[in-house]
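Take a look at the structure set out below.
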Ligand code: GDP
Ligand code: IMO
Ligand code: MG
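Residue numbers (this note's numbering): 10 to 429.
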């Protein structure tokens with residue numbers, strides 16, 4: 010039995026979707042445990058491209074996807090995603106936890122309004138209602154997936170929560186009247202569409218573990234967006250690190266057998282907040298152009314920079330990463346020199362501890378180690394086929410992190426992947 014967990018170690022978009030698809034082969038379930046449709050995971054198989062926001066990437070290879078209780082779900086987006094996959098002849102096998110929280114129309118409006126009010130201090134959210142939905146979960150005003158299956162229960166909950174939201178609209182000067190009846194009908198209708206998927210998924214997953222089946226957990230976002238250990242407040246609203254997986258599906262931490270950290274060979278970030286190794290020069294442009302670094306969810310250009318191992322080490326330590334998948338190594342092709350950040354200069358001293366406050370992070374200067382570049386990586390299936398300078402790059406990362414790199418990805422296609 011293997012229970013593998015895939016975690017993004019940077020600011021998201023590390024290539025989790027591609028690696029989850031690659032690792033899906035012999036598993037029974039592929040499971041999301043946090044986040045919502047703020048995620049955008051791209052999978053390319055035989056030149057066919059799939060962009061998934063809430064459905065686990067394993068459904069592309071015919072596996073059963075589970076959306077766990079730690080996730081937030083926009084039922085309209087989910088229904089559309091199911092339909093668009095079915096149109097492409099993908100048989101969507103899906104299960105949804107009755108405890109997952111539902112993104113409501115007022116969450117999306119409040120997400121936009123908060124960002125407007127924050128003005129130049131905005132977070133740069135995806136405006137999908139993620140933060141307000143998780144806020145309602147914690148303040149116990151949320152609507153859960155099970156609720157949209159029961160009209161009278163949903164009505165009772167809406168009666169309780171809608172007056173509070175209407176009051177908030179006044180404060181935020183959102184000129185909208187929330188029509189309780191209309192929202193009830195809309196969500197009861199979503200409930201009818203999603204009924205067949207919604208259940209006590211934690212029992213199904215616990216049983217699968219007891220029957221020694223292989224499971225794969227797909228993280229969304231990345232450690233630096235974790236609500237506790239990321240660059241708060243420039244973060245998302247869920248627990249992205251490995252600890253979040255146990256809570257987010259309802260199985261004990263002892264069940265996980267492998268924790269795979271996805272590390273992009275350089276760094277990207279979408280939205281606001283500090284990024285110590287950001288490059289605004291022509292190298293940054295090279296990474297953005299060659300790596301097609303534009304957001305899958307919002308199409309915003311991703312900020313690009315050198316690999317920051319202070320960040321990745323922070324991630325490895327928080328999640329107990331046992332193996333690394335290094336992605337997008339090919340994007341570095343053609344660069345004469347490549348740099349890796351191995352520490353920060355902060356207040357005149359060197360540190361490799363990620364500061365807790367974003368103002369302190371902004372004061373950190375990267376300390377780099379320089380590597381020779383390589384021309385290209387082509388038709389490679391083993392480590393020894395890689396150019397010597399690419400081998401040096403990989404070995405340095407592995408040694409710094411004291412964690413084996415077992416997968417190297419050199420292109421977006423499923424088969425452009427090497428086990429080392
Ligand atoms: P995720 O959010 O972590 O799943 O990552 P995204 O899918 O948002 O972004 C990663 C992008 O890089 C996608 O467009 C992938 O198709 C692409 N990609 C993944 N691995 C590689 C790789 O090794 N090389 C190249 N060139 N592209 C890759
Ligand atoms: P995947 O799973 C990259 C970022 C947003 C913003 C911050 C908060 O594709 O790696 P939110 O809408 O979550 O409240 O926005 O988090 N963000 C992501 N950045 N990849 C993602 O997901 C992201 N999901 C959220 O840009 O800075
Ligand atoms: Mg993404």
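Where is the CB? At the ideal position from N, CA and C, for every residue including glycine.
What you are looking at is a predicted structure, and each value in this text was computed from that prediction instead of being measured.
- Residue 317 sits in a strand when the DSSP states are folded into three classes.
- Under the 10 Å beta carbon count, residue 310 is surrounded by fewer than 16 other beta carbons and is classified as exposed.
- When DSSP reads this structure, residue 267 sits in a beta bridge with 13.
- Judged by beta-carbon spacing, residue 365 lies beyond the 8 Å limit of residue 247, meaning their Cβ atoms are not closer than that value.
- Taking a 10 Å sphere around the C-beta of residue 302, we find 16 or more other C-beta atoms and assign the residue as buried.
- Judged by DSSP in its simplified three-state form, residue 50 adopts strand.
- Under DSSP, the beta-bridge partners assigned to residue 226 are 14, 40.
- With fewer than 16 neighbouring CB atoms inside 10 Å of its own CB, residue 100 falls in the exposed class.
- Taking all protein chains shown into account, residue 84 has 16 or more neighbouring C-beta atoms within 10 Å of its C-beta and is therefore buried.
- For ligand 2, a non-hydrogen atom lies closer than 7 Å to the CB of residue 229.
- Residue 397 has its Cβ no nearer than 7 Å to any heavy atom of ligand 2.
- Across the set 21, 12, 397, 94, the C-alpha of 21 shows the shortest separation from the C-alpha of residue 305.
- Here residue 67 is not near residue 228, since their CB atoms are 8 Å or more apart.
- Annotation: the continuous beta strand (DSSP E) that includes residue 355 extends over 346–355.
- For ligand 3, residues qualifying as neighbours are 22, 49, 305, where qualification means a beta carbon closer than 5 Å to at least one of its heavy atoms (chain order).
- Per DSSP, residue 199 is one residue of the alpha helix (DSSP H) stretching across 189–203.
- In the displayed model, residue 417 falls within a strand according to three-state DSSP.
- DSSP places residue 362 outside both helix and strand once states are collapsed to three, so it counts as coil.
- DSSP, reduced to helix, strand and coil, places residue 239 outside both helices and strands of the structure shown, so it counts as coil.
- A distance below 6 Å between beta-carbons, with the five flanking residues on each side excluded, links residue 106 to the following residues of its chain, in chain order: 77, 78, 210.
- Using a 10 angstroms sphere on the CB of residue 288, the tally of other CB atoms reaches 16 or more, which defines it as buried.
- Residue state for residue 127 is assigned as helix, using DSSP reduced to three classes.
- Looking at the DSSP output, residue 426 bridges to 418.
- If you look at residue 334, you'll find it in the beta strand (DSSP E) that goes 332–336.
- Taken in chain order, the unbroken stretches of beta strand (DSSP E) that lie wholly in the segment 267–309 and span 3 residues or more are 267–273, 276–278.
- Following the DSSP letters along the chain, one finds residue 380 inside the beta strand (DSSP E) bounded by residues 374–381.
- Nearest in C-alpha terms to residue 412, of all of 350, 346, 381, 329, is 329.
- Between residue 63 and residue 87, the C-beta spacing is below 8 Å.
- For residue 245, the distance from the CB to the nearest heavy atom of ligand 2 is below 7 Å.
- Between residue 29 and residue 423, the gap from beta carbon to beta carbon reaches 8 Å or more.
- For residue 402, the enclosing alpha helix (DSSP H) begins and ends at 397–410.
- Contact annotation, residue 371 with residue 386: C-beta distance approximately 35 Å; criterion of less than 8 Å not satisfied.
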